[in-house]
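Just below is one structure, and these are the notes that go with it.
Written out as structure tokens, the structure is:
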């Protein structure tokens, strides 16, 4: 996503928005870490109730993931409340994490298969690049800090926030907790490749909606647009692939898992290799999402609406909305 240019009036409105949001999230950061899930969920419940369109989007996605299940209003309220409170919780938790020392942070961590993290660290010591694939689940910012605490030299590819003032502040918070943010933009491709070639690691959140030159793959039995660039980066750098995700497990605690996937066959057909790699990645995403649907933030967005046909129409008329 490229850097945006706004009029002076739009900049003023965004400055006012940031002027309200930042004091509010810093006020919430005074609460204990274990209380933040409940607080954000309560605020999310209010936002969910006044957002009927969001409820419909979530329901449509749930019907794709599990078409056989009749979803009750109670289940929808729970999932919707958690999802609508997600951005606030991540923002406030990131502030809290920046104030904690390692001994305090570790009390909120549960690490599954620590030997996998040790393996990844050993690869770095041997100057073997690692591409770490995760998704919008649990607290991915906390995961980035965990990797920093474990000694990984890792850059994280991030999306630019719509509000430039909030974006700048969130980048500051990321750096404060040890995350090296790199924008998901073409201009940043060269630094990312150089980072990998030097034997360091790059983390990618790879489940976002993608409309610019995507590859279409099967995702929960329906065709979905996936970012082609991730597979191209793997093929170009020959980096070791690792998976990871976090899960909220109550009382402010997060469970962190990571593993090294099995090898996949590559052919001389680059286009097919891209499809195979992204299908491989999205099979892992399916397993994470099914563990706890409310843990997957992207469930709150239209994930399967972009089709080959709508993308073709958009290319004819770039001013239209491909979604």
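Numbering (full-length UniProt numbering), first residue to last: 1 to 323.
Cβ atoms here follow ideal geometry from the backbone N, Cα and C, with glycine treated the same way.
Asked                                                                                                                 : Found
Any 3 or more C-beta pairs closer than 8 Å across the segment 254-263 and the segment 105-112                         : yes
CA-to-CA distance, residue 48 to residue 54, given in whole angstroms                                                 : 7 Å
Proximity test, residue 127 beta-carbon vs the ligand PLP heavy atom, cut-off 8 Å                                     : You won't find the ligand PLP in this model; it holds no ligand whatsoever.
Nearest-angstrom Cα separation, counted from residue 117 out to residue 146                                           : 10 Å
Collapsed DSSP secondary structure at residue 306 in the structure displayed                                          : coil
Helix, strand or coil at residue 185 according to DSSP, with G and I counted as helix                                 : coil
Status (buried if at least 16 other CB within 10 Å, exposed otherwise) for residue 151                                : exposed
Spatial neighbours of residue 16 in its chain, beta-carbon cut-off 8 Å, leaving aside the 5 residues before and after : none
Short Cβ contact (9 Å threshold) for residue 246 with residue 78                                                      : no
C-alpha distance - residue 306 paired with residue 103, whole-angstrom precision                                      : 45 Å
Sheet register partners of residue 180 (DSSP bridge)                                                                  : 155
Between the CA atoms of residue 27 and residue 215 - distance to the nearest angstrom                                 : 43 Å
Complete runs of the alpha helix (DSSP H) confined to the segment 169-255 [at least 4 residues]                       : 189-197 and 228-237
Three-state class that DSSP yields for residue 95 in the structure shown                                              : helix
Beta-bridge pairing of residue 14 - partner residues as DSSP gives them                                               : The partner list for residue 14 (beta bridge, DSSP) is empty, contrary to what the question assumes.
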